[in-house]
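Quick mapping for you: the protein sequence lines, in order, are chains C and H. Quick note on numbering: the first sequence equals residues 499 to 794 in this note's numbering. Quick note on numbering: the second sequence equals residues 499 to 794 in this note's numbering. For each residue, glycine too, the CB sits at the ideal point set by N, CA and C. Keep in mind it's a predicted model, so treat the numbers as computed, not measured. Some notes on the structure that comes next.
Protein chains: 2
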Amino acid sequence: MHISANVSERAKEPPNIGVSVVILALGPSDLDGRADNLPAANTVSGTAPDIHATASRTDTASRTSNGDAVPTLRIPLVRRIRQPFLGDWALPGGDLQGGRSLEYAAEKALRSTTSLHPQYLEQLYTFGDPSRSHGGLPMVSIVYWALIGETEAKDFREAQNVRWFPVNQLPPLAFDHKDIIEYALTRVRNKIEYSDIATRLVGSEFTLSQLRNVYEAIYGRKLDAPNFRRRMLSTGMVEPTGEKLARGAHRPACLYRYVAHAGTGKSATSAKPAKSGQPGHTGDTGTAHGTTATPR
Amino acid sequence: MHISANVSERAKEPPNIGVSVVILALGPSDLDGRADNLPAANTVSGTAPDIHATASRTDTASRTSNGDAVPTLRIPLVRRIRQPFLGDWALPGGDLQGGRSLEYAAEKALRSTTSLHPQYLEQLYTFGDPSRSHGGLPMVSIVYWALIGETEAKDFREAQNVRWFPVNQLPPLAFDHKDIIEYALTRVRNKIEYSDIATRLVGSEFTLSQLRNVYEAIYGRKLDAPNFRRRMLSTGMVEPTGEKLARGAHRPACLYRYVAHAGTGKSATSAKPAKSGQPGHTGDTGTAHGTTATPR
DNA sequence: TAAATAGTGTCTCTCAGACACTATAAT
DNA sequence: ATTATAGTGTCTGAGAGACACTATTTA
Numbered sequence: 499m500h501i502s503a504n505v506s507e508r509a510k511e512p513p514n515i516g517v518s519v520v521i522l523a524l525g526p527s528d529l530d531g532r533a534d535n536l537p538a539a540n541t542v543s544g545t546a547p548d549i550h551a552t553a554s555r556t557d558t559a560s561r562t563s564n565g566d567a568v569p570t571l572r573i574p575l576v577r578r579i580r581q582p583f584l585g586d587w588a589l590p591g592g593d594l595q596g597g598r599s600l601e602y603a604a605e606k607a608l609r610s611t612t613s614l615h616p617q618y619l620e621q622l623y624t625f626g627d628p629s630r631s632h633g634g635l636p637m638v639s640i641v642y643w644a645l646i647g648e649t650e651a652k653d654f655r656e657a658q659n660v661r662w663f664p665v666n667q668l669p670p671l672a673f674d675h676k677d678i679i680e681y682a683l684t685r686v687r688n689k690i691e692y693s694d695i696a697t698r699l700v701g702s703e704f705t706l707s708q709l710r711n712v713y714e715a716i717y718g719r720k721l722d723a724p725n726f727r728r729r730m731l732s733t734g735m736v737e738p739t740g741e742k743l744a745r746g747a748h749r750p751a752c753l754y755r756y757v758a759h760a761g762t763g764k765s766a767t768s769a770k771p772a773k774s775g776q777p778g779h780t781g782d783t784g785t786a787h788g789t790t791a792t793p794r
Numbered sequence: 499m500h501i502s503a504n505v506s507e508r509a510k511e512p513p514n515i516g517v518s519v520v521i522l523a524l525g526p527s528d529l530d531g532r533a534d535n536l537p538a539a540n541t542v543s544g545t546a547p548d549i550h551a552t553a554s555r556t557d558t559a560s561r562t563s564n565g566d567a568v569p570t571l572r573i574p575l576v577r578r579i580r581q582p583f584l585g586d587w588a589l590p591g592g593d594l595q596g597g598r599s600l601e602y603a604a605e606k607a608l609r610s611t612t613s614l615h616p617q618y619l620e621q622l623y624t625f626g627d628p629s630r631s632h633g634g635l636p637m638v639s640i641v642y643w644a645l646i647g648e649t650e651a652k653d654f655r656e657a658q659n660v661r662w663f664p665v666n667q668l669p670p671l672a673f674d675h676k677d678i679i680e681y682a683l684t685r686v687r688n689k690i691e692y693s694d695i696a697t698r699l700v701g702s703e704f705t706l707s708q709l710r711n712v713y714e715a716i717y718g719r720k721l722d723a724p725n726f727r728r729r730m731l732s733t734g735m736v737e738p739t740g741e742k743l744a745r746g747a748h749r750p751a752c753l754y755r756y757v758a759h760a761g762t763g764k765s766a767t768s769a770k771p772a773k774s775g776q777p778g779h780t781g782d783t784g785t786a787h788g789t790t791a792t793p794r
């Protein structure tokens with residue numbers, strides 16, 4: 499329901515609620531040869547045509563000085579078509595409807611840019627400072643973050659004004675969305691240590707190299723393969739299936755599957771708000787603030 | 499502005515926003531002598547006149563089998579005076595006013611039960627499942643958690659229908675507030691590892707025993723004094739003032755002060771949405787359970 | 001065979017915890 | 001001297017990371 503009132507009246511009313519999503523997707527792992535041909539989203543009003551050209555050929559893998567490829571996470575962003583921050587890129591988002599869960603709203607926002615559902619979805623933070631609106635209506639933004647595997651990320655929807663960016667090559671972002679994305683990244687990198695989110699991004703059976711690639715994409719750096727292997731196996735979270743997978747001119751790799759609840763006694767998966775099914779998060783570091791959102 | 503509409507209409511409207519606070523307070527450290535004599539939380543109906551009297555003399559220390567006292571955190575709760583959950587205890591909270599920050603609303607809720615301001619205040623989580631309302635209006639709750647030192651906690655306000663409970667002896671709680679409190683506890687215990695929140699609860703100068711007591715209260719268990727000392731000193735977060743504090747028939751203790759930004763290179767406090775002032779949270783622990791995804 | 005990835009062995013360093021022992025105050 | 005707390009020394013074991021080396025496949 500929209501009530502027409504002037505601005506000063508509006509300031510006294512409770513703010514609107516929006517839900518935004520930071521979508522983190524693994525790029526295709528075939529880093530061989532061809533540089534990524536990311537789809538170009540069209541510019542709004544002729545704003546810098548070259549941006550797209552350059553960006554659309556951005557590789558999702560960055561190469562270290564060593565020459566080894568490191569897979570990179572990508573994020574879909576939406577171009578703003580009105581003030582403030584017209585022409586900048588922003589996180590996908592939408593309104594919160596009464597009678598629906600927060601997660602539902604987050605998923606809906608997610609579907610507006612990708613047609614697939616995420617492997618993982620968790621609340622990140624709620625931003626509500628009045629300063630965030632930058633001239634728009636007062637807005638509280640509940641931000642979620644989602645993880646999407648590489649198979650699903652392949653057929654993302656090519657919507658108008660939607661584009662995917664490697665996390666290390668983000669365009670100018672609206673509001674404080676850059677902070678929010680960085681915050682989401684630290685959260686994921688933290689969470690991958692004590693949860694099973696990484697195994698959700700590979701198939702039910704996987705080689706340790708594949709799993710390691712997921713970690714490398716999230717960390718943004720190479721990991722020592724021998725040490726990674728030992729660490730994974732010592733936790734008891736994975737077990738060999740007995741089968742092997744040959745892929746190329748080299749020794750085939752053993753396949754593994756995820757084992758729930760194993761763990762070496764570390765607390766592993768635990769604390770969460772439980773009952774209501776909210777994901778919960780814990781540790782945390784940073785501070786957030788900002789703004790946000792859904793400023794329409 | 500209250501708009502009268504029937505329930506089915508209301509369900510379509512955006513839900514209201516509330517802000518609640520989990521207030522964690524250190525109890526007075528005079529643990530000598532007397533064992534725990536906790537008040538029984540009274541049952542719903544009769545409002546039990548003796549409640550207040552008993553509560554104010556509640557001991558905040560629990561004793562291990564060893565006989566060593568472990569200080570315990572306490573939480574102020576508010577008795578509900580209407581349905582649903584009439585008579586149960588709930589977290590202090592209030593509405594979110596437009597034009598005010600979330601933190602402001604949290605502090606205001608905090609003041610409604612204690613007249614003092616917290617040493618630390620951080621957003622915990624936002625709960626918004628429609629099922630939470632249990633017959634009430636749809637409500638999104640942005641929950642904060644606060645830490646209060648023992649000196650300030652001494653003169654907390656004894657308001658009607660407000661009582662302090664040790665975290666390990668909570669009464670029947672309304673809604674999902676028990677989950678929320680447990681979630682807050684895991685967050686604090688996690689956060690104390692890589693932030694300076696513990697030092698905020700002691701004075702500007704403190705002995706390592708005093709600091710250790712804060713840790714023990716938050717962890718809810720005894721810590722090895724020699725190891726604790728080494729750990730604190732090795733981080734470089736504290737430095738000796740050169741003075742000593744004599745308190746009792748034993749060797750006096752050296753005084754220390756907190757040193758900002760020291761650290762042994764551990765990441766310590768870091769990632770946060772930066773720009774503005776919200777506290778942010780990071781790591782996290784739990785797993786969020788399943789979650790995942792978009793089941794619809 | 002060469003190339004490339006899979007996988008093992010081993011060494012070092014750091015850190016948490018257990019715990020024996022020493023130090024210094026009041027009574 | 002006794003008692004209670006402050007503080008030191010030292011040993012152990014777990015885990016992260018560096019890195020040399022072996023294994024197995026295709027071309």
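Outcome for residue i when other beta-carbon atoms lying within 10 angstroms are tallied against a minimum of 16
i: I695 of chain H; result: buried
i: E714 of chain H; result: buried
i: I679 of chain H; result: buried
i: R572 of chain H; result: buried
i: N666 of chain C; result: exposed
i: I521 of chain C; result: buried
i: G585 of chain C; result: buried
i: L600 of chain H; result: buried
i: A724 of chain C; result: Position check: residue 724 of chain C holds Pro in this sequence, whereas Ala was assumed. Looking at its Cβ environment, which holds fewer than 16 other Cβ atoms inside 10 Å, P724 of chain C is exposed.
i: P616 of chain H; result: buried
i: P582 of chain C; result: exposed
i: R598 of chain C; result: buried
Residues of its chain near residue i, where Cβ-Cβ distance is below 6 angstroms and the 5 sequence neighbours each way are ignored
i: Q708 of chain C; result: V700
i: D528 of chain H; result: Low local confidence applies: a pLDDT of 37 at D528 of chain H is under 50, so the model's placement there is unreliable, with the coordinate-based value given in what follows. Nothing meets the Cβ criterion.
i: Q595 of chain H; result: none
i: P738 of chain C; result: C752 and Y754
i: A682 of chain C; result: V520, L622 and W643
i: S610 of chain H; result: P590
Sequence-distant residues of the same chain with beta carbon closer than 7 angstroms to residue i, five excluded per side
i: L743 of chain C; result: T705, P750, A751 and L753
i: N659 of chain H; result: V576, R577 and I579
i: S768 of chain C; result: Note that S768 of chain C scores a pLDDT of 35, beneath 50, so its modelled location is shaky and nothing firm can be said.
i: R727 of chain H; result: L706
i: S618 of chain H; result: Note on residue identity: the sequence assigns Tyr, not Ser, to residue 618 of chain H. Taken in chain order, the residues that qualify are A644, L645, I695 and R698.
i: V712 of chain H; result: L524, A696, L699 and V700
i: M730 of chain C; result: L706, L709 and V736
Range covered by the alpha helix (DSSP H) that runs through residue i
i: L683 of chain H; result: H675 to K689
i: M637 of chain H; result: Looking at the DSSP string, M637 of chain H is not in any alpha helix (DSSP H); the run it does join, the beta strand (DSSP E), is M637 to I646.
i: L731 of chain C; result: A723 to T733
i: V712 of chain C; result: L706 to Y717
i: T612 of chain H; result: Where T612 of chain H is concerned, there is no enclosing alpha helix (DSSP H), given that its DSSP letter is neither H nor E.
Run of the beta strand (DSSP E) containing residue i, from where it starts to where it stops
i: A523 of chain H; result: N514 to L524
i: K742 of chain C; result: V736 to L743
i: L619 of chain C; result: Y618 to F625
i: Y602 of chain H; result: Looking at the DSSP string, Y602 of chain H is not in any beta strand (DSSP E); the run it does join, the alpha helix (DSSP H), is L600 to R609.
i: R572 of chain H; result: L571 to R577
i: R755 of chain C; result: A751 to Y756
i: R661 of chain C; result: V660 to P664
Contact set for residue i: own chain, Cβ-Cβ below 8 angstroms, skip 5 residues either direction
i: R630 of chain H; result: M637, S639, F673 and D674
i: A758 of chain H; result: D694
i: D593 of chain H; result: N514, I515, G516, V517 and A603
i: E741 of chain C; result: E703, C752 and L753
Interface positions of the segment 718-743 of chain C facing chain H (Cβ-Cβ less than 8 angstroms), listed along the chain: Considering only beta carbons, no part of the segment 718-743 of chain C lies closer than 8 angstroms to chain H.
message: Pairs of beta-carbons, one from the segment 593-612 of chain H and one from the segment 691-708 of chain H, closer than 8 angstroms: are there three or more?
response: No: fewer than three Cβ pairs fall under 8 angstroms.
- prompt: Counting Cβ pairs closer than 8 angstroms, one from the segment 671-686 of chain C and one from the segment 585-594 of chain C, do we hit at least three?
  reply: Cβ pair count under 8 angstroms is three or more, so yes.
- request: Closer than 9 angstroms, Cβ to Cβ, to anything on chain C: give me those residues from the segment 591-613 of chain H, in chain order.
  value: Those would be D593, L594, Q595, G596, G597, R598, S599, L600, E601 and A603, in chain order.
task: Identify each residue in the segment 703-714 of chain C for which the Cβ-Cβ distance to at least one residue of chain H is less than 7 angstroms, and report them in chain order.
output: Closer than 7 angstroms at the C-beta level to chain H, one finds no residue of the segment 703-714 of chain C.
message: Under 8 angstroms, CB to CB, which of the residues in the segment 621-632 of chain H have a partner in chain C?
response: So the close ones are Q621, Y623, T624, F625, G626, D627, P628, S629 and R630.
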